[in-house]
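Accompanying notes for the structure given below.
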Amino acid sequence: MALVGFMGSGKSTVGRILARKLGWPLLDLDRKIEAHERRRIPEIFESSGEPYFRELEGRLLEEALSGGPGRSGDRRVIACGGGVVLGERNRKLLREAATVFLREDPRVLYRRTRGSGRPLGTGSREEFERRYAGRLPYYEEVAGLVVDCDRRPPARVAGEVASWLNG
Ligand code: S3P
C-alpha cells in the first residue's frame, strides 16, 4: 500500500505507526532515495536538479511497488514524497496499488513545513498554496481512499487506514 499527500501531511509518521500496526515493513521513499544517493534531498535538488530527483523517485517507486523480482508490492507500507504524483507513470502505478491520500488543510501544511529544510517548502504562502492546488487533483486521482486528517493524531489516521485495508 502507498501513502500520498502534500509535504507535511504526516505520511512518514502515519506510515511508521501503520506499518507497526499491520506488522508490515515500512519503506520511506525519500529515505530510500537518500540511501541510494548517499546524500540528503536538499543536496540532490541543489547539485543535480529536480528532474534528476524525479527520475530516481519514479524508479524507486516502481521497485517498491513491485517488491523486487518475484515478490508482491503488497504487505508493505510505502510512504511517498509529496511530489510523486507529478509523474504520469507514477500515477498509473499508484492507481493500480492500494493508495491512500492523507488530506490536510494547506494552511496547516504551510505552518508545519516552515523551516523544515525541504527544497520546495521555502517559497511564499501563495506559491505553496498554488503548488498544493495544482497537485490536489492528482492525489485524488490516484487514491482509493481519501482520509481527512483534520489535525487528528497520526495514530487515529493510521487506524482509519488500517480499517480500510482490512475491510
Ligand atoms: C517533495 C516532497 C518531499 C521530498 C522532496 C520533494 C515535493 O517529501 O520528496 O523534497 O515535491 O513535495 P515530503 O512530502 O515527505 O516532504
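Numbering (this note's numbering), first residue to last: 1 to 167. Glycine residues also receive a C-beta, built at the ideal position from the N, C-alpha and C atoms.
Assignment of Asp28 by DSSP, reduced to helix, strand and coil, places it in the strand class.
Scanning its chain for C-beta atoms nearer than 7 Å, with the 5 sequence neighbours on each side dropped, one finds around Val146 the residues Phe101, Arg103 and Glu140, in chain order.
For Phe53, DSSP assigns no beta-bridge partner whatsoever. Apart from sequence neighbours up to five positions away, the residues of its chain that approach Ser12 with a beta-carbon distance below 6 Å are Asp28 and Ala79, ordered along the chain.
Nearest to Pro51 by alpha-carbon distance, out of Thr122, Gly83, Glu63 and Val14, is Gly83. Here DSSP, grouped into helix, strand and coil, assigns Arg76 to coil. Checking the 7 Å criterion, the Cβ of Met1 is out of range of every heavy atom belonging to ligand 1. Ligand 1 approaches Leu120 closely enough that one of its heavy atoms is under 7 Å from the residue's Cβ. Taking non-hydrogen atoms of ligand 1 into account, the C-beta of Ser12 is found less than 7 Å away from one of them. The Cβ atoms of Val142 and Val85 sit closer than 8 Å to each other.
For the set Pro137, Val77, Gly167 and Glu55, the Cα lying nearest the Cα of Leu22 is the one of Val77.
Here Arg112 really is in contact with Gly8; their C-beta atoms are around 4 Å apart, less than 8 Å.
DSSP places Leu22 in the helix class (H, G or I) of the three-state scheme.
Around the beta carbon of Asn166, fewer than 16 other beta carbons lie within 10 angstroms, which makes this residue exposed. In this structure Asn90 touches Gly58 by the C-beta definition: roughly 5 Å separates them, less than 8 Å. Burial check for Lys32: the Cβ neighbour count within 10 Å reaches 16 or more, so the residue is buried.
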